[in-house]
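So this note's numbering is basically just the index in the sequence shown, starting at one, shifted up by 53. Ideal placement from N, C-alpha and C gives every residue a C-beta, glycine not left out. Quantities reported herein were computed from a predicted structural model and do not represent experimental measurements. Below: the structure, in structure tokens.
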Amino acid sequence: QMWKTLRSKLSPTFTSGKLKWMFSQISSCTDILIEYLNEKANGEDFLIRDIISCYGFDIIASCAFGLDSQAQKNPDNEFRKKATKIFTPSIKTMMIQTLAFMFPNLIRKLGINIIDPEISEFFCTLTKTTLKQRKESGIKRNDFLQLLLQLKDKGYVEYDADEAREVEKIDNIEKLEFTDEILAAQLFIFFIAGFEPVTSLIVFTLYALSKELEVQSKIRDEVMEVKEKFGLISYDSLKDMTYLESVMAESLRLYPPARLLIRTCTKTYTLKDGNQIEKDTIIMIPNYSLQRDPKYFPDPEAFKPERFADGEQLSIRQGRGIYLPFGDGPRVCIARRFALLEAKMALAKIVENFQINASSKNIEPLQRDPKSFIINPIGGLWLKLEKIGQNTN
Numbered sequence: 054q055m056w057k058t059l060r061s062k063l064s065p066t067f068t069s070g071k072l073k074w075m076f077s078q079i080s081s082c083t084d085i086l087i088e089y090l091n092e093k094a095n096g097e098d099f100l101i102r103d104i105i106s107c108y109g110f111d112i113i114a115s116c117a118f119g120l121d122s123q124a125q126k127n128p129d130n131e132f133r134k135k136a137t138k139i140f141t142p143s144i145k146t147m148m149i150q151t152l153a154f155m156f157p158n159l160i161r162k163l164g165i166n167i168i169d170p171e172i173s174e175f176f177c178t179l180t181k182t183t184l185k186q187r188k189e190s191g192i193k194r195n196d197f198l199q200l201l202l203q204l205k206d207k208g209y210v211e212y213d214a215d216e217a218r219e220v221e222k223i224d225n226i227e228k229l230e231f232t233d234e235i236l237a238a239q240l241f242i243f244f245i246a247g248f249e250p251v252t253s254l255i256v257f258t259l260y261a262l263s264k265e266l267e268v269q270s271k272i273r274d275e276v277m278e279v280k281e282k283f284g285l286i287s288y289d290s291l292k293d294m295t296y297l298e299s300v301m302a303e304s305l306r307l308y309p310p311a312r313l314l315i316r317t318c319t320k321t322y323t324l325k326d327g328n329q330i331e332k333d334t335i336i337m338i339p340n341y342s343l344q345r346d347p348k349y350f351p352d353p354e355a356f357k358p359e360r361f362a363d364g365e366q367l368s369i370r371q372g373r374g375i376y377l378p379f380g381d382g383p384r385v386c387i388a389r390r391f392a393l394l395e396a397k398m399a400l401a402k403i404v405e406n407f408q409i410n411a412s413s414k415n416i417e418p419l420q421r422d423p424k425s426f427i428i429n430p431i432g433g434l435w436l437k438l439e440k441i442g443q444n445t446n
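This is the structure in structure tokens:
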């Protein structure tokens, strides 16, 4: 199957070594985010999603396409306008996406496009143009596009001995010519996987911290302790922020990027009660509900990072198939470590610089927008920020 070949070939692009390779770009985008939030840190209510969305967009544009989109400085630029249309909720897009998940063969036979053809063409043209410019100029950058060029030219992505243990080994893969169209598709998927899920993770974590001031204070203490040890927030120093990792894990439990996971049964399976799931049956896994089930997570509506304080506990929950923010198994999100790194950097810097306070403008309890496939609350998410040292109560 093509996906196995792609998975095997792309696995080396998301090792720790490659993430460290791209970290300077993430750091630069985070500095711009903090500059922008400084202007908002006056104690007044403001909507946070678009701001974080622009941050995520700048990182993806830089690390995937090698472009300086400047979305944080100019949110209305054409690149971002085209891209955000993918996630703009509407009844029509919601219906098409739902049908595509439930009846993929029917959608293919009817020739219905899940993604607006205009958007697909935009990304394909952008990729081809950027690839051509990169090859003609001979310029090399520490980004995903450079790794894809290496994959196209050599048929593989290079990695060292330290990275070898992180590379997924998949048997019986097919030979595949990496055309510009295939590379464009990988960049597009990387964009989707690294943009909206990261935005949701950061936004909902900030929302939770605005209500959980003790948790917020503990993160700030950890960040300052790590900074004192390393001198700055870097790729390596972020690894020491284990409490922040637990907070992010709990945020993903309560607010997973997608409410459902869709999988196809690869062979007939007999359940404990004797019922069978036939091969090729499409399965809908309600990960949102599983992750709020009191049988697995006592007091499920409470925000308790200590659930994930032990890394082993996280592995156990994932192994049992009840904690699935990025999926699981062979098709687990390949870019999950990139997404977590991007979010962790933003959260560490925000908590270091600002006191995050709750806003009365939020509709409580949060109500999901029914037109949106992702978890997107009606009325948006509002926050208030104060610069650390002004008045942190």
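| Check | Outcome |
| --- | --- |
| Check whether the Cβ atoms of Lys332 and Thr321 sit closer than 8 Å, and answer yes or no. | yes |
| Where does Glu275 land, buried or exposed, given buried means 16+ other C-beta within 10 angstroms? | buried |
| Checking the sheet assignment: what are the DSSP bridge partners for Arg316? | Ile336 |
| Can you tell me where the beta strand (DSSP E) with Glu439 in it begins and where it stops? | Trp435 to Lys440 |
| Note down, in chain order, each residue of its chain lying with its Cβ closer than 6 Å to the Cβ of Lys414, except the 5 sequence neighbours on either side. | Asp98 and Trp435 |
| Roughly how many angstroms separate the alpha carbons of Ile112 and Ser81, rounded to a whole number? | 9 Å |
| In terms of alpha-carbon separation, which member of Thr295, Glu395, Ile403 and Asp326 lies closest to Ala362? | Thr295 |
| Helix, strand or coil for Gln344? Go by DSSP, reduced to three states. | coil |
| In angstroms with no decimal places, state the Cα-to-Cα distance between Ser472 and Asn328. | The question about residue 472 has no answer here: the residues shown for the chain are numbered 54 through 446. |
| For Val300, count neighbouring C-beta atoms within 10 Å of its own C-beta (all shown protein chains included) and say buried if the count is 16 or more, exposed if not. | buried |
| If Val404 and Arg273 are in contact, beta carbons under 8 Å, what's the gap, nearest whole angstrom? | 5 Å |
| Which one or two residues does DSSP pair with Pro378 in a beta bridge? | Gly380 |
| Find the nearest neighbour of Ile409 within the set Val268, Phe118 and Cys116, judged by alpha-carbon distance. | Val268 |
| Checking the sheet assignment: what are the DSSP bridge partners for Leu100? | Trp435 |
| Between the alpha carbons of Pro170 and Asn158, how many angstroms are there, rounded? | 19 Å |
| My output table needs one value for Tyr108: the three-state DSSP class, helix, strand or coil. | helix |
| Where in the region 202-285 do unbroken runs of the alpha helix (DSSP H), each at least 4 residues long, occur, reported from the N-terminal end onward? | 214-217, 233-264 and 266-283 |
| Could you compute how far the alpha carbon of Thr66 sits from the alpha carbon of Phe197? | 7 Å |
| Give me the Cα-Cα distance between Val279 and Leu259, rounded to the nearest whole angstrom. | 20 Å |
| Which stretch, first to last residue, makes up the beta strand (DSSP E) that contains Gln408? | Phe407 to Ala411 |
| Taking the straight line between their C-alpha atoms, what separation do you get for Glu189 and Ile235? | 20 Å |
| Considering only the beta carbon of each residue, do Asp233 and Thr180 sit closer than 8 Å? | yes |
| Check Pro430 in the structure and name its three-state DSSP category. | strand |
| Identify every residue that forms a DSSP beta bridge with Tyr322. | Ile330 |
| So, at 8 Å on beta carbons, what are the nonlocal neighbours of Thr68 in its own chain, with the 5 sequence-adjacent residues on each side left out? | Tyr212, Glu216, Glu219 and Val220 |
| Give the range of the alpha helix (DSSP H) segment to which Leu86 is assigned. | Ser69 to Lys93 |
| Taking the C-alpha atoms as reference points, what is the distance between Pro418 and Leu86? | 28 Å |
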